[in-house]
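Asker: Sharing a structure, written as C-alpha cells. Questions coming.
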Amino acid sequence: MDPALVLEGATPRLLDEWQLVPNLWNAVRGQVDERQEFGQFLLTGSTAPLADATRHTGAAKFAWVRMRPMQCTKQTTAQMM
C-alpha cells in the first residue's frame, strides 16, 4: 500500500488501525511537516503500536487522546439518535 494515496484529499482524514501499516506513521509525520496545518489526521487503533514500529514523540505535532469504550447507557443513547 502506498501511504501517499491514503493521505491525499480533503482533511481531516480518519486513519483507523494505522498501526497495522507501520510506514503510514512516517508518511503522516511528513505530511504534517509539509502542510503546517492543525487537525489534518485522526489516527485511531484498537491496540498499541507494534514493538518494532518506528518511535517518535510527536513533539509539537501530535495530541494523544485515550479513548474508552462506550458504556451501555451511552450506547443506548447513541443508538436512539
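With the numbering used here as the guide, the letters of the sequence shown map in order to residues 1 to 81. All C-beta atoms in this analysis are idealised placements derived from N, C-alpha and C, irrespective of residue type, glycine included.
1. Residues in its own chain within less than 6 Å of Glu17 by CB, not counting five upstream and five downstream?
2. Who are the Cβ neighbours of Ala27 in its own chain at under 7 Å, not counting the five residues just before and after it?
3. Based on the DSSP output, what are the partners of Arg13 in its beta bridges?
4. Tell me the residue span of the alpha helix (DSSP H) that contains Val6.
5. Mind checking whether Phe41 and Arg66 have CB atoms under 8 Å apart?
6. Closest to Val21 by CA distance: which of Met1, Gly39 and Pro69 is it?
Answerer: Reading it off the structure:
1. Gly45
2. Pro3, Ala4 and Leu7
3. Phe41
4. Pro3 to Leu7
5. no
6. Met1
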